[in-house]
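To start, the structure under review is shown below, and the notes come after it.
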Amino acid sequence: MGLIAEFRMTSEQLPLVDVAEGVPEATVEFESVQGHPSGAPTFIVRVAGADADAIKAAFADADSVTDHSLVVADGATRRYRCRPTGNPPTDLELLADNGSIPDRVLATPSGWEERRWFADREEFDQFRTFCRANDYELQLDRLVEADEGPDGRVTSPFGTGDRSRPREMTEAQQEALVTAHKMGYFDTPRTATMADVADELGVASASLSERLRRAQNHLIAEFRRSSSIKPRIN
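Counting with full-length UniProt numbering, you get residues 1 to 234 for the letters of the sequence shown.
Structure follows, in structure tokens:
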């Protein structure tokens with residue numbers, strides 16, 4: 001038994017709120033968060049539905065994030081790398097120990113809109129305590145129970161899914177995987193290094209490593225779930 005919550009966190013102090021305010025017609029979505037042993041994490045943010053110059057100006061004018069840079073532009077969709085400014089939230093250890101899994105996080109002009117998986121009510125209450133400690137007003141839209149079946153999948157009014165299942169492979173992850181394969185990164189012996197592929201994509205090696213890891217995790221998870229794929233014994 002688990003819980004799935006849809007809620008809004010309202011605060012002007014949340015990162016990227018000022019970016020969303022600068023392009024209110026756009027969708028500003030967190031694609032990944034890369035933690036660091038010391039210092040602020042790195043956000044990869046997907047922005048779609050706004051003029052490219054307007055998006056660039058919104059990041060340039062934002063006070064909530066710094067070190068912003070364009071990662072990739074694909075038509076009307078642009079992905080930026082950035083880091084939050086200011087001091088980290090209080091009780092960050094409490095959030096780090098929380099086992100909940102964010103499924104979707106959108107930045108809006110007033111805060112964040114989020115859908116998150118929780119193992120139980122205690123985990124949800126712990127998350128809500130963290131929000132209150134940081135003056136984030138949490139407005140709960142839906143909180144429903146999810147029943148877990150023998151195959152690890154969960155069923156709820158939101159639909160069917162797997163709490164442990166990674167999100168669908170992103171376009172950036174697909175691009176990284178295909179480019180690495182084409183360049184010979186997976187060959188034996190390798191004909192391209194991580195740095196070679198990263199240079200081709202115009203990203204940092206650390207970012208590429210994270211994308212490849214997530215892409216491979218997704219493929220392996222799909223392999224294990226597919227009843228039509230059987231291991232071959234020679």
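Where is the CB? At the ideal position from N, CA and C, for every residue including glycine.
For residue 115, the three-state secondary structure derived from DSSP is strand.
For residue 200, the CB contacts under 7 Å within the same chain, skipping 5 residues up- and downstream, are 179, 183 in chain order. With fewer than 16 other CB atoms across the displayed protein chains lying within 10 angstroms of its CB, residue 143 is exposed. By the criterion of a C-beta distance shorter than 8 Å, residue 215 is surrounded in its chain by 169, 173, 174, 176, 177, once the five residues flanking it on both sides are discounted. Between the alpha carbons of residue 131 and residue 54 lies a gap of roughly 31 Å. Short of 6 Å from the beta carbon of residue 10, and not among the five residues preceding or following it, lie these beta carbons of its own chain, in chain order: 110, 111, 137. In the three-state reduction of the DSSP assignment, residue 22 falls in the helix class. Residue 18 is positioned such that its CB atom lies closer than 9 Å to that of residue 61. For residue 197, the secondary structure class from DSSP, reduced to helix, strand or coil, is helix. Residue 33 holds the alpha-carbon nearest to the alpha-carbon of residue 101 among 27, 25, 33. Burial is judged here by how many other beta carbons sit within 10 angstroms of a residue's own beta carbon; residue 210 has at least 16 and is buried. The bridge partners DSSP lists for residue 32 are 44. In this structure residue 25 is not in contact with residue 46, their Cβ atoms being roughly 15 Å apart against a cut-off of 8 Å.
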